[in-house]
Structures are given as structure tokens and as C-alpha cells.
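See below for the structure under consideration.
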Amino acid sequence: MRPIIKLGVPLVAAALALTACGGTSGGTAAAGSTSGGSSKTCDLKIGFFGALTGDAANLGQNIQNGVKLAVDQYNAKNADCKVAVQPYDSQGDPAVAPGLAKSAIDNKSVVGIVGPAFSGESKAADPLFNEAGLVTITPSATNPALSTNGWKTFFRVLGNDASQGPAAAKYISDTLKASKVAVVDDASEYGKGLADIVKSSLGAKVTTTDTVQTGQTDFSPTVTKIKSSGVTAVFYGGYYAEAGLLKKQMTDAGVTATLVVGDGVKDDGFIKAAGDKAAEGTIMTCPCLPADKAGGTFFADYKAAYNAEPATYSAEGFDAAKVMLDGISEGKTSRADLLAYVASYDKPGVTKTLKFDAKGEPSQVTIWAYKVTGAKIVPDQEIK
Amino acid sequence: MSFLINNFFALTASGLVLGAVYGLIALGYTLVYGVLRLINFAHSEVWMWGSFAAVWSMTAVGATSGRGIGATAAFLLLALVAAMLVSGGIALTVERVAYRRLRRLNAPPLIALISAIGASFVLSEIIGLRDRIAGWFGLDSALAKYVGGARDNTRFPNPLETSTAFSVGDYNVTNIDILVLVSAIVMMVTLDQFIRRSRLGRGIRAVAQDSESAALMGVNKDRVVQITFFLGGIMAGAASLLYLMRIGVTKYNAGFLLGVKAFTAAVLGGIGNVRGALLGGFVLGLAENYGSALIGTQWKDVVAFLLLVVILLFRPTGLLGESLGRSRA
């Protein structure tokens, strides 16, 4: 009897927990979707799926601001039939993503998702969106493997790490002229993926590698490794919270190697964590245009709306939302219609001409290098 | 392996510095456990509040580095006092709100544990939502310097700039390394002597040995418990300043991981034993660094906790294993 109880209790508890989850996620369905007899479907929602709180919240909030700007501009023109932004705060956590994806799918007024913002959560949530036929356009997830799963609903408006990684490697070997390089990653889907590509592009130049953990604050073993290896450049694949602390501790220990990082670090949070002095000279690669190079009136509009300059991926978020809003204004108000519309979309956006190939990748890709200069992230050069 | 040998000094030095911070926080766990036989899981938040007190006091007086040695010392002293008072105050509040009533009602330890975890969440979220809390009073823009970016890293305006004191091999020993290590050991020794020699310390030991007999002998138990919490709190406050000087940023949830590590250090050294806390901190800090050098940084927690399991297998009461009450003057 005893063993049965031992086994049974957790099982029953787990079952209860599962049903409880099912109950709550089903509850939010279809909150007033269609408006009476009119032929137009109004009160539709575009979901934003990404980290709005948590360690990498800045990245998510910048994107959401871009999405909101696009929706506000749409609503100003279509005051009789508005669209709303429905936020899904994943905290960037792949473990939270599937549950949130379910609640987005169950909400019938959500016709499209901008996101998921990060690669790890995309991997966890996208299979569910694919099954439900809910179109997703990610403005920021750059792991190359995401587009190889045959998901019909996956689109992204930026180049992936298969182009960012080699570009970063090119910068390290051509511009920095480094012959010995250390590559460090944070073991995340995005960070490890990008670091691995950089590693294979640099080949024998990589003399030291290490892996840290997200949430870690003391990097002394890693710094010791970097220092004793005598490298002249360090590539870090991960997000800004850890990168900033790593850079500070490298500088404190007297490491003079240049730190090169990917788009996940391109945020002022990096400079805040590292300190103005230590952050200086850090190189950031990003498949994103410098904000002032974005087309149209985006730069001015964003500044007027938020009293701040557009940050990393704000413009990409704007573009992703714009694609869906164009579809909605042309009457593609069901999930299936909007999906087909996005797949055949071909119009100029503010960052580039938006057109997707069969795998959902953008047809046009640009990679830029940015540099921390005077405690600000400024464009350095386009890596071609 | 050759990496470990070639960089032995660097790994040892940084491990000891980190271990000193672990040890100071571990004191809070150990003291409360020694007296009350319960684990104060809100202690990591006591530390975190101290770190914010240090940041805010420096922001308030506009501290910057490079102001001469007198100003730097004054700034650091102010940050230390602010952090110690706030941490001590929060520790007392936790005792008053989360424990005292339960203790009077003789609630089982498990109940106190849940209450502590609840207090921990409340304390951490107050900091994480401080911008909104300030917003209720319409102060969020006036206090933006203090409450902005509530869930993000908050930077400590360090009055003492890092500089190299001397180099051993490839490793630059910084002024901050020395300061952290020396002040942690001084505080630890002071506390140990306080408990062994002073009148209040005798009271703490008496309550830890047998609280009812102590009460019969005229020891005010509530008072002793309060002092214990306060002592743990001010040690955590000091630890928070040392941590900030080395790491440079704090966050609403920064206490969690550090709290787990410090608790581990306390258990490793023998929970309830003041000297064990320091030893446990050092052993843990070193184990993490050596472990990451031997196998890889991603394994550092695995190595540290494996060590804990092995030590507890052979010495179930920890390295020094004695309880607070038995340390006689």
C-alpha cells in the first residue's frame, strides 16, 4: 500500500495542477470580438510576446513601444475600427512561454503575434502557434535553427545569427585584427547558438572558451581564464545583464582585450551594469539599422511618442506590427487570411523591404557594428 | 589541471573575497538558527535592502570616486552605516511581523518557514515594484533617481575607484579585494568575541542552550531574539556594501542566489556556529573557483554542492559542527 500512496500523491497533485492550468488559460477566450452587424471585424488584437519584466525587460519594452506606435498610428486613421495591443509578458523565460502561447491562442480576438522576442522562448512557443495557425513575426529572435522546423507561421524581420555570427567574426579578424580570441557564452538558446557560429567562423583563432550562467554575478574564474590566455578580443554570446558585469570585472582585473558582443547586449543596461568607464570601446553587432537611418518619419514619430530615441529593435517591432496592420486594413481579419497575407507580403518597411522566403526569413539582411563611445551606443560601421 | 596550477593564486584570491561575503551573510542564518532553531529565509532580502540603502545613501549625497582619501572614507562610512541600519531594521521588522506571534503561539517550525518565505517575497517585490509604489503617492518622477528601472540592475556609485595594490604572478590584487577580505575578517572576529565575552553574548548563548532555564535565570528571551536578528542584519548590511564595492550592481532579486550560497556556507561550516560561517564561506568560495577551473565555469555550482553533500555525509553537523550555545567563554 505504502509505495502506491507515495507514487499516487504526487501524481494526483500534478493532475490537479494541470487541470487548474487548463482552466485559467481557457478563461480569457474571445472578449467581445465582433461588433454587431457591420461587415468589418473590429476590436481585433495583435499580441506582443516577450520579456516586459525580468532580467532582459529593456529589450522587450523597446520592441513593444515600436509595436504600440504602429498600432496607435493605425488607430488614428481607423478611429471607427480600432486594433489593440495585447501584451504577453514571458519574462524571457522558455518555461513560461508555452502557457502564455496557449492563452494567446485561446483568445480568439488575437489574430497575430509580434514575437516571441527571444530565441529560447520562440523554440518553446512557436510549435503551439504553428499548430493553431496563428501567425508570428519576430522582430528580434535570431537563432538560425528557428526557421528550419517547417513552422508555417514563423516569420522574422531581421537577419539571423547565421549572418550575424560570421559578421562578428569578420569584425574581430579584419577590423580588430585579433589573432587570439576567447569565446564565452551563457548557455542560452540564443547565446550559445551565436557563440558557436562565431567560434566556427573564427576557427583556429579561438584559443579559449568558457560558459557562464544567467543570473551569475561573480565571473572571477572566467576573467582569470581570459586574462591568463592573453587574448586580444573576447566574444560574449548572451544578454546585457551578465555581459555588463563580466566587462566590469574584466576591466577591474586589468584585461585589455576588446569585448565584442551580439544584439542581446545592445542596450543601455549594459553600460549601466559595467559602468561608463569599463563599458567604453565595447563592440556590439546587430542585424538592426541605426535608429536614425530608419525610413519614413519613424525616428521623429517615436521620439514624439516616448520622449526617447528608438532603441534596439524598436523599428523592427514597428515593422512587424505594420505588416499585420496592413493585412487587417485589407480585411484579412481571420487568422488563416492574415497568415496567407503575411507570407506573400512585399512592401518597404522602415528598416528594409519586407518580404519573406518560404522559411519565413527576410529577403534583405544588414548587419551593423556599434561601439560604446562616451557611455553611449553609437553606430560604428556596416559589416559587409 | 595545468590551468588550475598556473592560476592558483588568482583563483584562490578571488575565491576568498567572494567567500568572505558569503561568510558575512551566513552569520545571519547561523545566529538565528543557533538561538531559535529555525531558518530565516527572509535573510537574503535583509541583505538586499541593505544593498539598496548603500546605493541610495550614495546617490543622495552625490558620491563619486576621486575626491581624496578623507571624502572617500566618509562616503564609505556613510554607506556602511546606512546599509547596516537598514538591514538591521529590516531584520527586526521581519522578526516582529513574521515570527514573534508564531513563536508565542508555539507554532511548529514549518509554519515559521512558510512565514519567512512569504516575508521574503514581500520584501523583494517592494523593491521590484518601487516605481509603482512611489507612483501611488505621485512621487515617481520626483524620486526617479531612486525608483527608476525598478526591476533592472541598479548601479552603486562607488566612491572608491578600483586600483591595483600589488600583483602576484598574473593576478592584480586590488584595493577592494584587500578591503573586503580584511573588513570581513575583522567583523567576524568582533562578532565572535562579542558573543563569547560580552554580557549580551552570554544571554544569547544561554537562550541558545536552553531558553526556558535562561528565562528562569532572568534573561529576557524576546530581547535576546531581537538582538540576534539585529546582529545578523547588520552583518548582512556590511556584506552588502562589500559586495557592491566588488560587483557594482544590485537588483530586487539579487538576494536569492546569494542567500542560497550563504545558507550553504552556513550549513557547510556547521549551522549555529559563528566561526563555522566564515570557514564555510571560504570553503565554498574556493570550491566554486577551483571547480570551475578544473571542469568548466558552468559546473561551478555542481562542484560546490557536491562538496556540500560529501562533507555532510561524513560530518552531518558541518565542518566545525558545534552549536552556538556550546561555545563557552
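Chains as they are written, first to last, in the numbering used here: chain A, 1 to 384; chain E, 385 to 713.
Yeah, the Cβ is synthetic: ideal placement off N, Cα and C, and Gly gets one too.
Practice task
Ignoring anything shorter than 3 residues or poking outside the region 461 to 547 of chain E, list the beta strand (DSSP E) runs there in chain order.
Solution key: Every candidate beta strand (DSSP E) stretch fails here, since none sits fully inside the region 461 to 547 of chain E while reaching 3 residues.
Handout entry: Identity of the residues DSSP links to E:Y555 by a beta bridge
Key = Within the second sequence, numbered from 1, the residue matching residue 555 of chain E stands at position 171. Note: E:Y555 sits in a beta bridge opposite E:V552.
Problem - Three-state secondary structure assigned by DSSP to A:R156 - result: Taking the first residue of the first sequence as position 1, residue 156 of chain A is located at position 156. In this structure, A:R156 counts as strand in the three-state DSSP scheme.
Handout entry: Stretch pair the region 409 to 417 of chain E + the region 659 to 676 of chain E: three plus CB contacts closer than 8 Å
Key = Contact between the region 409 to 417 of chain E and the region 659 to 676 of chain E is present, because at least three Cβ pairs lie under 8 Å.
Exercise for the section: State buried or exposed for A:S200, treating a residue as buried only when at least 16 other CB atoms are found within 10 Å of its CB. Expected result: Position 200 of the first sequence, counted from the first residue, corresponds to residue 200 of chain A. By the 10 Å Cβ count, A:S200 comes out exposed.
Practice task
Please confirm if E:E479 has its CB atom under 9 Å from at least one CB of chain A.
Solution key: In the second sequence, counting from the first residue as 1, residue 479 of chain E sits at position 95. Answer no: the Cβ-Cβ gap between E:E479 and chain A never drops below 9 Å.
Exercise for the section: Apply the 10 Å Cβ neighbour rule to E:T574 and answer buried if 16 or more other Cβ atoms are within range, or exposed otherwise. Expected result: For the purposes of this step, residue 574 of chain E is taken as the residue at position 190 of the second sequence. The residue in question, E:T574, is exposed, as its Cβ has fewer than 16 Cβ neighbours within 10 Å.
Handout entry: CB of A:Y239 within 9 Å of CB of A:G66, strictly
Key = Position 239 of the first sequence, counted from the first residue, corresponds to residue 239 of chain A. Position 66 of the first sequence, counted from the first residue, corresponds to residue 66 of chain A. The answer is no: Cβ separation not under 9 Å.
Exercise for the section: Determine the contact status of A:R156 and A:S147, defining contact as a CB-CB distance below 9 Å. Expected result: Here residue 156 of chain A corresponds to residue number 156 of the first sequence, with the count starting at 1. Here residue 147 of chain A corresponds to residue number 147 of the first sequence, with the count starting at 1. Note that the C-beta distance between A:R156 and A:S147 is below 9 Å.
Exercise for the section: Using DSSP bridges, identify the partner residues of A:A84. Expected result: Walking along the first sequence from the start, residue 84 of chain A turns up at place 84. Bridge partners of A:A84: A:K45.
Exercise for the section: Can you have a look at E:L670 and say buried or exposed, based on whether 16 or more other CB atoms are within 10 angstroms of its CB? Expected result: For the purposes of this step, residue 670 of chain E is identified with residue 286 of the second sequence, where counting begins at 1. With a 10 Å radius around the Cβ and a threshold of 16 neighbouring Cβ atoms, E:L670 comes out buried.
Exercise for the section: Closer than 6 Å by C-beta to E:F392: which residues in its own chain qualify, once you throw out the five before and the five after it? Chain order, please. Expected result: For the purposes of this step, residue 392 of chain E is identified with residue 8 of the second sequence, where counting begins at 1. Taking C-beta separations shorter than 6 Å and ignoring five residues to either side along the sequence, E:F392 has no partners in its chain.
Handout entry: Any C-beta of chain E under 9 Å from that of A:F129
Key = In the first sequence, the residue the question calls residue 129 of chain A occupies position 129. Closer than 9 Å: no.
Exercise for the section: Give, in chain order, every unbroken run of the alpha helix (DSSP H) that is at least 4 residues long and sits entirely within the region 270 to 297 of chain A. Expected result: Qualifying alpha helix (DSSP H) stretches, in chain order: 276 to 279.
Handout entry: 8 Å CB neighbourhood of A:G32 in its chain, flanking five on each side removed
Key = Along the first sequence, one-based indexing puts residue 32 of chain A at 32. With a pLDDT of 40 at A:G32, under the threshold of 50, the modelled position of this residue cannot be trusted; read the value that follows with caution. The beta carbon of A:G32 is closer than 8 Å to those of D43, S109 in its chain, skipping five residues each way along the sequence.
Practice task
Show which residues of chain A have a CB atom less than 9 Å away from the CB atom of E:N390.
Solution key: By one-based count along the second sequence, residue 390 of chain E stands at place 6. E:N390 reaches chain A at S228, counting residues in chain order whose Cβ is nearer than 9 Å.
Exercise for the section: Report yes or no: do three or more beta-carbon pairs, one from the region 63 to 77 of chain A and one from the region 318 to 336 of chain A, lie closer than 8 Å? Expected result: Counting C-beta pairs closer than 8 Å gives three or more between the region 63 to 77 of chain A and the region 318 to 336 of chain A, which meets the contact rule.
Practice task
Could you have a look at A:Q388 and say whether DSSP puts it in helix, strand or coil?
Solution key: Limits of chain A in this structure are 1 at one end and 384 at the other, which puts residue 388 of chain A out of reach.
Problem - Cβ neighbours of E:G639 in the same chain (closer than 6 Å, five flanking residues each side left out) - result: Here residue 639 of chain E refers to the residue found at position 255 of the second sequence. For E:G639, same chain residues with a beta-carbon under 6 Å away, outside a window of 5 residues either side, are S428, E429, W431, M432 in chain order.
Exercise for the section: Check whether the Cβ of A:L245 lies closer than 9 Å to any Cβ atom in chain E. Expected result: Numbered from 1 along the first sequence, position 245 holds the residue referred to as residue 245 of chain A. Interface residue, yes.
Handout entry: For E:L678, three-class secondary structure by DSSP
Key = On the second sequence, residue 678 of chain E is found 294 positions in, with the first residue counted as 1. For E:L678, the secondary structure class from DSSP, reduced to helix, strand or coil, is helix.
Practice task
Identify, in the order they occur along the chain, each residue of the same chain with its Cβ nearer than 7 Å to the Cβ of A:K170, setting aside the five sequence neighbours on each side.
Solution key: Mapped onto the first sequence, residue 170 of chain A falls at position 170. Residues of the same chain with a CB within less than 7 Å of the CB of A:K170, apart from the 5 flanking positions on each side, are I383 in chain order.
Handout entry: A:P348 - containing beta strand (DSSP E), residue span
Key = Residue numbering aside, residue 348 of chain A sits at position 348 when the first sequence is read from its first letter. 346 to 348 is the extent of the beta strand (DSSP E) around A:P348.
Exercise for the section: Mind checking the region 207 to 223 of chain A against chain E and listing, in chain order, the residues whose C-beta falls within less than 7 Å of any C-beta there? Expected result: If the cut-off is 7 Å between Cβ atoms, the region 207 to 223 of chain A has D210, T211, V212, Q213, G215, T217, D218, S220, P221, T222 near chain E.
Practice task
Assign E:A592 to buried or exposed, taking buried as 16 or more other Cβ atoms, counted over all protein chains shown, within 10 Å of its Cβ.
Solution key: On the second sequence, position 208 is the one that residue 592 of chain E refers to. The residue is buried, with at least 16 neighbouring Cβ atoms inside 10 Å.
Exercise for the section: Determine the direct distance from the alpha carbon of E:G452 to that of E:N657, and round the result to whole angstroms. Expected result: Walking along the second sequence from the start, residue 657 of chain E turns up at place 273. Walking along the second sequence from the start, residue 452 of chain E turns up at place 68. The straight-line gap separating the alpha-carbon atoms of E:N657 and E:G452 is approximately 40 Å.
Exercise for the section: Determine, using beta carbons only, whether A:Q249 comes closer than 9 Å to chain E. Expected result: Position 249 of the first sequence holds residue 249 of chain A. So yes, A:Q249 belongs to the interface.
Problem - Element boundaries [beta strand (DSSP E), containing A:K123] - result: Taking the first residue of the first sequence as 1, we reach residue 123 of chain A at position 123. Taken as a continuous stretch (DSSP letters only), A:K123 belongs to no beta strand (DSSP E), being part of the alpha helix (DSSP H) at 119 to 132.
Handout entry: Nearest-angstrom beta carbon gap, E:F613 and E:L400 [assumed within contact, 8 Å]
Key = Numbered from 1 along the second sequence, position 16 holds the residue referred to as residue 400 of chain E. Numbered from 1 along the second sequence, position 229 holds the residue referred to as residue 613 of chain E. Contact flag wrong, Cβ pair sits at about 28 Å.
Practice task
Verify the contact flag: A:W151, CB atom, against every heavy atom of the ligand FAD, threshold strictly below 8 Å.
Solution key: Looking for the ligand FAD in the displayed structure turns up nothing, as the structure carries no ligands at all.
Problem - Candidates E:N673, E:L626, E:F689: closest to E:L652 by CA position - result: Position 268 of the second sequence holds residue 652 of chain E. The shortest Cα separation from E:L652 among E:N673, E:L626, E:F689 belongs to E:F689.
Problem - Cβ shell of A:G244 (< 6 Å), same chain only, five flanking positions each side left out - result: Position 244 of the first sequence, counting from 1, holds the residue named residue 244 of chain A. Cβ neighbours of A:G244 beyond the five flanking positions: F270, A273, A274.
Problem - Expected contact under 8 Å - CB spacing of A:N143 and A:Y190 to nearest Å - result: Counting from 1 along the first sequence, the entry for residue 143 of chain A is found at position 143. Counting from 1 along the first sequence, the entry for residue 190 of chain A is found at position 190. Going by Cβ atoms, the distance from A:N143 to A:Y190 rounds to 6 Å, so yes, they are a contact pair.
Practice task
Kindly indicate which residue of A:A204, A:S122, A:N130 has the alpha-carbon position closest to the one of A:S188.
Solution key: Counting from 1 along the first sequence, the entry for residue 188 of chain A is found at position 188. Of A:A204, A:S122, A:N130, the residue nearest in Cα terms is A:S122.
Problem - Alpha-carbon spacing of A:D55 relative to A:Q213, whole angstroms - result: Taking the first residue of the first sequence as position 1, residue 55 of chain A is located at position 55. Taking the first residue of the first sequence as position 1, residue 213 of chain A is located at position 213. For A:D55 and A:Q213, the gap between their C-alpha atoms comes out near 13 Å.
Problem - Nearest candidate by alpha-carbon position, reference E:D515, set E:I498, E:T538, E:P493 - result: Here the question's residue 515 of chain E lines up with position 131 in the second sequence. Taking only the C-alpha atoms, the option nearest E:D515 is E:T538.
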